[in-house]
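When we follow the working numbering, the leftmost residue of the sequence shown carries the number 2, and every step to the right adds one.
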Amino acid sequence: MRAATGVGDEVEATMRAVRLTAPGVLEQVAAPTPTAGPGQVLLAVAAVGACHSDLHILDAPPGLFPTPMTLGHEIAGTVETVGAGVTGWSPGDRAAVYGIIGCGTCRACLRGRENQCRRVPVGGIGLSRDGGLADYVVVPASRLLPIGELDLIQAAPLTDAGLTPYHAVELARPALRPGTYCVVIGIGGLGHMAVQILAATTAVRIIAVDTSMAALDLATRMGAHHVVQAGPEAIETIRAIVGPAPDGADVVIDCVGVDATLTTARTVVSTGGRLLLVGLGGGTLPVRPVADEPPTLPLETSVEVPFWGTRAELQEVIAMGQLGLLTADVQTFPLERAPEAYDLLRRGEIHGRAVIVP
Ligand SMILES: [Zn+2]
Ligand SMILES: [Zn+2]
2 MRAATGVGDE
12 VEATMRAVRL
22 TAPGVLEQVA
32 APTPTAGPGQ
42 VLLAVAAVGA
52 CHSDLHILDA
62 PPGLFPTPMT
72 LGHEIAGTVE
82 TVGAGVTGWS
92 PGDRAAVYGI
102 IGCGTCRACL
112 RGRENQCRRV
122 PVGGIGLSRD
132 GGLADYVVVP
142 ASRLLPIGEL
152 DLIQAAPLTD
162 AGLTPYHAVE
172 LARPALRPGT
182 YCVVIGIGGL
192 GHMAVQILAA
202 TTAVRIIAVD
212 TSMAALDLAT
222 RMGAHHVVQA
232 GPEAIETIRA
242 IVGPAPDGAD
252 VVIDCVGVDA
262 TLTTARTVVS
272 TGGRLLLVGL
282 GGGTLPVRPV
292 ADEPPTLPLE
302 TSVEVPFWGT
312 RAELQEVIAM
322 GQLGLLTADV
332 QTFPLERAPE
342 AYDLLRRGEI
352 HGRAVIVP
């Protein structure tokens with residue numbers, strides 16, 4: 002977009018953007034307002050979720066992510082303008098953004114699994130190109146999904162904090178039999194959504210684990226049947242619920258992924274159970290499938306490392322939001338307080354999801 006000045010010539014319009022300006026440096030700057038090219042849409046950003054992955058981007062060594070780059074990959078907004086050749090979208094339409102941009106041609110992309118793209122491992126809006134922490138963002142029209150009357154502040158966290166645990170639950174669904182136990186470790190942005198997805202789409206008994214009592218209260222409100230405070234006695238407490246080995250939890254979803262949570266996860270999972278490592282905490286999961294005492298993993302256990310989700314799954318997550326089955330517990334911040342939101346997230350002081358409202 003260009004704005005005319007009083008003297009007849011044109012100057013480039015600018016907007017506010019919260020950018021990674023150098024490795025580890027996040028700041029609000031004035032950036033050129035982008036324009037929608039062919040096949041693209043300019044979206045007026047209404048809400049952007051703050052994700053732990055953004056902290057990983059901030060902490061990444063030089064060269065892994067481009068600079069300057071606007072952060073923010075959990076986006077909802079309204080269409081401002083559409084580029085050439087875009088059909089099906091008009092100014093004023095409300096939409097959520099599917100953040101992954103795969104190559105579109107590899108074996109995985111062709112099957113609709115862009116989250117498994119074999120050529121662009123972390124290609125995405127706010128990951129490899131400018132994201133949504135700004136007044137406007139340009140996205141390929143193919144990345145937009147309609148949200149109807151769904152609240153835009155609710156829609157934003159559905160695109161990652163909702164989609165990622167939904168995809169994990171989809172992977173584990175054959176094991177989520179009625180009456181079995183599913184342990185969810187870490188009741189933050191993703192975990193509190195995981196609890197709701199399990200409550201709404203399965204008949205499992207949900208055990209929520211977190212260090213914070215406030216997070217456990219949230220889990221109870223979201224449908225957890227048992228809550229366990231993380232700590233030295235957590236494994237014993239969970240075992241008292243799920244029974245002694247080789248029995249245990251059929252499914253464990255670890256939304257944290259540090260050594261302590263991975264130890265809990267592998268110790269309470271049942272023989273033949275499934276471990277889903279959703280959190281990118283950098284912990285180590287030892288695999289020693291021999292007759293050790295105790296074994297590091299029960300026999301027949303499978304370990305999966307889900308990543309985000311597919312466009313089809315996001316459509317289902319949005320439907321759950323529209324049906325009132327999935328509601329993000331949000332704490333909102335104006336754009337200029339985005340750096341503060343990330344500081345609070347880093348310190349574990351955000352309950353549910355922080356959503357930045359430009
Ligand atoms: Zn994320
Ligand atoms: Zn691909």
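We treat Cβ as the ideally placed atom computed from N, Cα and C, and that holds for glycine.
Closest by C-alpha distance to residue i, when choosing among the options
i	options	result
G93	A45, T165, I319, R347	A45
L278	A173, Q41, R289	A173
G211	A204, E234, G125, E305	One detail in the question is off: residue 211 reads as Asp in this sequence, not Gly. Taking only the C-alpha atoms, the option nearest D211 is E234.
G224	G284, A339, T265, L327	L327
G334	I351, V356, A313	First, the residue type needs correcting, since residue 334 is Phe and not Gly in the sequence shown. Ranking I351, V356, A313 by Cα distance to F334 puts V356 first.
A61	P35, T88, V26	V26
T221	I188, V252, A266	I188
H352	L281, E317, L191	L191
H226	L315, I236, A209, G163	A209
C110	A156, R312, A320, D344	R312
L400	P247, T106, A200, L217	Outside the displayed span of the chain (2 to 359) sits residue 400, for which this structure offers no information.
I239	A215, V185, L281	V185
L151	T106, A47, A261	A47
A200	Q230, D218, A215, C183	C183
L336	E13, A14, R20	R20
S91	G124, L145, R108	L145
S143	L217, Y99, L65	Y99
P147	L217, L159, D136	L159
P307	E115, A51, Y137	E115
E305	M321, G280, M214, R289	G280
L346	P24, R130, E13, G50	G50
Any non-hydrogen atom of ligand 1 within 7 angstroms of residue i CB
i	result
V161	A small fix is needed here, since residue 161 is Asp in this sequence, not Val. Because some heavy atom of ligand 1 lies under 7 angstroms away, the Cβ of D161 counts as near it: yes.
H74	yes
C256	no
S54	yes
N- and C-terminal bounds of the beta strand (DSSP E) containing residue i
i	result
G50	41-51
G78	76-83
I101	Where I101 is concerned, there is no enclosing beta strand (DSSP E), given that its DSSP letter is neither H nor E.
Q332	331-335
P158	Careful: P158 lies outside any beta strand (DSSP E), inside the alpha helix (DSSP H) at 153-158.
I357	354-358
H227	227-230
T15	15-23
D255	250-255
R348	Where R348 is concerned, there is no enclosing beta strand (DSSP E), given that its DSSP letter is neither H nor E.
G274	270-278
The alpha helix (DSSP H) enclosing residue i, as first and last residue numbers
i	result
V318	312-323
D211	It is not in any alpha helix (DSSP H) - D211 instead sits in the beta strand (DSSP E) that spans 206-211.
T181	Careful: T181 lies outside any alpha helix (DSSP H) and carries neither H nor E.
L217	214-223
L172	164-173
E237	235-243
Check whether residue i and residue j have beta carbons under 8 angstroms apart
i	j	result
H193	D330	yes
A97	V80	no
V259	G284	yes
L263	V270	no
Q41	G149	no
A195	P166	yes
H74	I126	yes
G124	G103	yes
I154	V358	yes
Residues with C-beta closer than 7 angstroms to any heavy atom of ligand 2, in chain order: G103, C104, G105, T106, C107, A109, C110, E115, C118, R119, R120, V121
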